[in-house]
Amino acid sequence: MQLTNNRFTGLIAVTVASLALTVGTAQATPSGGVTATIISKETSSTREIVRAEITIQPGGSTGWHYHDGQVSGTVKEGTLSHFNSTCTSDGSYHAGDHITEESGPGYVHIGQNRGTTPVVLEVTYVNPIGKPLSEDAPNPGCPFQ
Numbered sequence: 021m022q023l024t025n026n027r028f029t030g031l032i033a034v035t036v037a038s039l040a041l042t043v044g045t046a047q048a049t050p051s052g053g054v055t056a057t058i059i060s061k062e063t064s065s066t067r068e069i070v071r072a073e074i075t076i077q078p079g080g081s082t083g084w085h086y087h088d089g090q091v092s093g094t095v096k097e098g099t100l101s102h103f104n105s106t107c108t109s110d111g112s113y114h115a116g117d118h119i120t121e122e123s124g125p126g127y128v129h130i131g132q133n134r135g136t137t138p139v140v141l142e143v144t145y146v147n148p149i150g151k152p153l154s155e156d157a158p159n160p161g162c163p164f165q
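In my numbering, the protein residues as written are 21 to 165.
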């Protein structure tokens with residue numbers, strides 16, 4: 021995934037997963053067609069608050085991952101398809117919809133753009149100091165990436 025430094029506005033997932041701030045394991049599923057722009061970052065003695073704008077191109081995916089901290093955001097454009105580790109959809113989010121993601125390795129998930137226009141997310145991460153914004157995870161056995 022590519023990181024650029026322009027302006028921000030905050031959401032998920034993705035997600036993102038998916039901001040590729042850490043190196044994934046060999047079994048991790050790669051993200052594709054995802055860019056993230058860090059808008060702001062505030063640090064205290066125990067946590068970081070990072071705001072980012074994430075864009076997922078048509079056919080793109082965050083790859084399977086989880087977050088050590090809290091993630092919330094808003095869909096600005098497009099439709100985000102979100103799946104949990106049981107291979108079932110846990111939401112389809114459209115422009116204006118809010119999304120939150122649970123934290124920890126027990127909540128592996130993936131965000132996908134199955135549409136024909138880019139998905140743009142405004143995401144806020146509230147993260148423990150020293151932890152990456154997302155942790156890559158292997159596909160939990162789903163027939164899709």
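Ideal Cβ positions, reconstructed from N, Cα and C, are used throughout, including at glycine.
For clarity, every value in this text was computed on a predicted model and none was experimentally measured.
Close beta carbons around residue i, own chain, < 6 Å, minus the five adjacent residues each side
i, result
"S101", "S112, Q132 and R134"
"Q77", "G53 and P138"
"F103", "S109 and I130"
"E1", "The chain is shown from 21 up to 165; residue 1 falls before or after that span and cannot be answered."
Residue i (DSSP reduced to helix, strand or coil)
i, result
"R134", "coil"
"P152", "coil"
"F164", "coil"
"G111", "strand"
"S51", "coil"
"T106", "coil"
"P125", "coil"
"A56", "strand"
"N147", "strand"
7 Å Cβ shell around residue i - same chain, five flanking residues per side excluded
i, result
"H114", "V95 and T99"
"K151", "D88 and G89"
"Q165", "T49, S81 and N159"
"A157", "A48, W84, H85, Y86 and V128"
Cα-Cα separation between residue i and residue j, rounded to whole angstroms
i, j, result
"V128", "S105", "6 Å"
"L153", "S65", "17 Å"
"T79", "S123", "Position check: residue 79 holds Gly in this sequence, whereas Thr was assumed. Each residue's alpha carbon lies about 25 Å from the other."
Contact belief for residue i with residue j at Cβ below 8 Å, rounded distance in angstroms
i, j, result
"T49", "N159", "5 Å"
"P125", "Y86", "5 Å"
Chain-order list of residues whose beta-carbon lies under 8 Å from that of residue i (same chain, five-residue window excluded)
i, result
"G161", "C107"
"G116", "T94 and V95"
* Pick out the complete beta strand (DSSP E) segments inside the segment 65–98, 3 residues or longer, and give them in chain order. => 67–81 and 90–97
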